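Read through the structure below, which is laid out as structure tokens, and then see the notes.
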């Protein structure tokens, strides 16, 4: 039991760190290249880490923990735009994913039998996670920044959020079925390598982000 | 009560796709009807040419989370626009895509308006940075 909990905790750390690393490094690279970084990140990388961890660990609550880890990492990346907005959105995305997948899938994902179900889940998950994260950001950031929020500002922008979420939903409709199909590859890690690998990957992610932050401050 | 996830998931997916498509059509229709004169901005119901601001007001540079931003001080721009008691109001900045944010005087006095009709603040999150402004409302 203790070993299982430790494994789960290590999994939360490593997947959350990878998610945060991709948000801090890959997202801004996409944006600098003129690509819609936020939409591509949510539809692909975010879904990869959330779904893959769900498949591997089959543990409810894990993705919410991952969101907290990834959001914390994002808070340490000041040179990549609005870190407060993104951190809040990431944490909200983790929670929303939990809500959606707890309600629509079984514990071991046995309910996902056919392609239509997988594609539908991908579209619905990506669309809702992106929309929810965006709306939470638009509400929480003014409250945290200036202590107030005006709903009229959000309502006028809802159609724009939903139009962007359509693209994310379509990306999710492709990425999530592909990720779910990866269980046929039977990938596994030797027991003795699990903790060193997770520790190494997590350390790399955190070191890279904190190192970049220190360079920015210097 | 049993719940057939296999039948309801496609329904949910279709629903969000319809919502997304409807929103896209609405945004596209709204943007095509907005006459976005690239060289002007409406402040408190009056249209101003942005070049007039930049001809009359000295520019300044501020430091933000996203690097340096150069433009005219927002408070001076609003004063030039003829708003009485500029420190007494809150201002709502509306962009061409429908995005809008309301900013209090405390932050207005520190912000800049760039020649790309965008506003930036050194002490506010990026949520408050409005790009391609078409209108400023005085509240």
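Chains as they are written, first to last, in the numbering used here: chain A, 1 to 218; chain B, 1 to 139. All residues carry an ideal CB built from backbone N, CA and C; glycine is no exception. The structure displayed is predicted, hence computed values, not measured ones.
In the same chain as residue 12 (chain B), and ignoring 5 residues on each side of it, no C-beta atom comes closer than 8 Å to its own. In the DSSP assignment, residue 68 (chain B) falls within the beta strand (DSSP E) that extends over 67-73. Pairing residue 146 (chain A) with residue 91 (chain B), the inter-Cα distance amounts to about 14 Å. Between residue 134 (chain A) and residue 208 (chain A) a beta carbon distance of about 26 Å is seen, past the 8 Å cut, so the two are scored as non-contacting.
Taking the Cα positions, residue 65 (chain B) is about 7 Å away from residue 122 (chain B). Annotation: the stretch 47-119 of chain A contains the following complete segments of the alpha helix (DSSP H) (minimum length 4 residues), in chain order: 47-57, 62-75 and 83-104. DSSP places residue 114 (chain B) in the coil class of the three-state scheme, outside both helix and strand. For residue 58 (chain A), no chain B residue has a C-beta closer than 8 Å to its own C-beta; the minimum C-beta separation is roughly 16 Å. Nearest C-alpha to residue 131 (chain B) among B:138, B:124, B:120 and B:125: B:120.
For residue 104 (chain A), the closest alpha carbon among the candidates A:92, A:87 and A:124 is that of A:124. Contact check for residue 198 (chain A) against residue 13 (chain A) passes: the beta carbons are separated by less than 8 Å. Interface with chain A (8 Å Cβ-Cβ cutoff): residue 21 (chain B) is included.
For residue 79 (chain B), DSSP assigns no beta-bridge partner whatsoever. For residue 50 (chain B), the enclosing alpha helix (DSSP H) begins and ends at 50-56. Interface annotation for the stretch 96-110 of chain B against chain A: 97, 98, 99, 100, 101, 102, 103, 104, 106 and 107, criterion Cβ-Cβ distance under 9 Å.
Interface flag for residue 157 (chain A) against chain B is set, since a Cβ pair is found closer than 8 Å. Taking 8 Å as the threshold, the shortest C-beta distance from residue 12 (chain B) to chain A falls below it.
In this structure, residue 67 (chain A) places its C-beta atom within 8 Å of the C-beta atom of residue 93 (chain A).
Shown here for residue 97 (chain A): same chain residues with a beta carbon closer than 7 Å to its own, the five before and five after excluded, namely 50, 63, 125 and 129 in chain order. According to DSSP, residue pairing for residue 95 (chain B) in a beta bridge involves B:133.
Boundaries of the beta strand (DSSP E) around residue 63 (chain B): 60-64. Distance from the CA atom of residue 114 (chain B) to the CA atom of residue 28 (chain A), rounded to whole angstroms, is 23 Å. The three-state reading of DSSP puts residue 149 (chain A) in coil, since its state is none of H, G, I, E or B.
With contacts defined as CB atoms closer than 8 Å, residue 65 (chain A) and residue 91 (chain A) fail to qualify as a contacting pair.
Secondary structure of residue 167 (chain A) (DSSP, three-state): helix. Taking the beta carbon of residue 153 (chain A) as reference, the chain B residues within 9 Å of it are 92, 99, 100, 101 and 102, listed in sequence order. In the structure shown, residue 21 (chain A) falls within a helical segment according to DSSP collapsed to helix, strand and coil. According to the DSSP secondary-structure assignment, residue 120 (chain B) is paired through a beta bridge with B:112. Contact with chain A is found for residue 127 (chain B), since one of that chain's Cβ atoms lies less than 8 Å from the residue's Cβ. The Cβ of residue 41 (chain B) sits no closer than 8 Å to any Cβ of chain A.
Proximity of residue 138 (chain B) to chain A, defined by a Cβ-Cβ separation below 8 Å, is not satisfied.
The continuous alpha helix (DSSP H) containing residue 31 (chain A) extends over residues 27-32.
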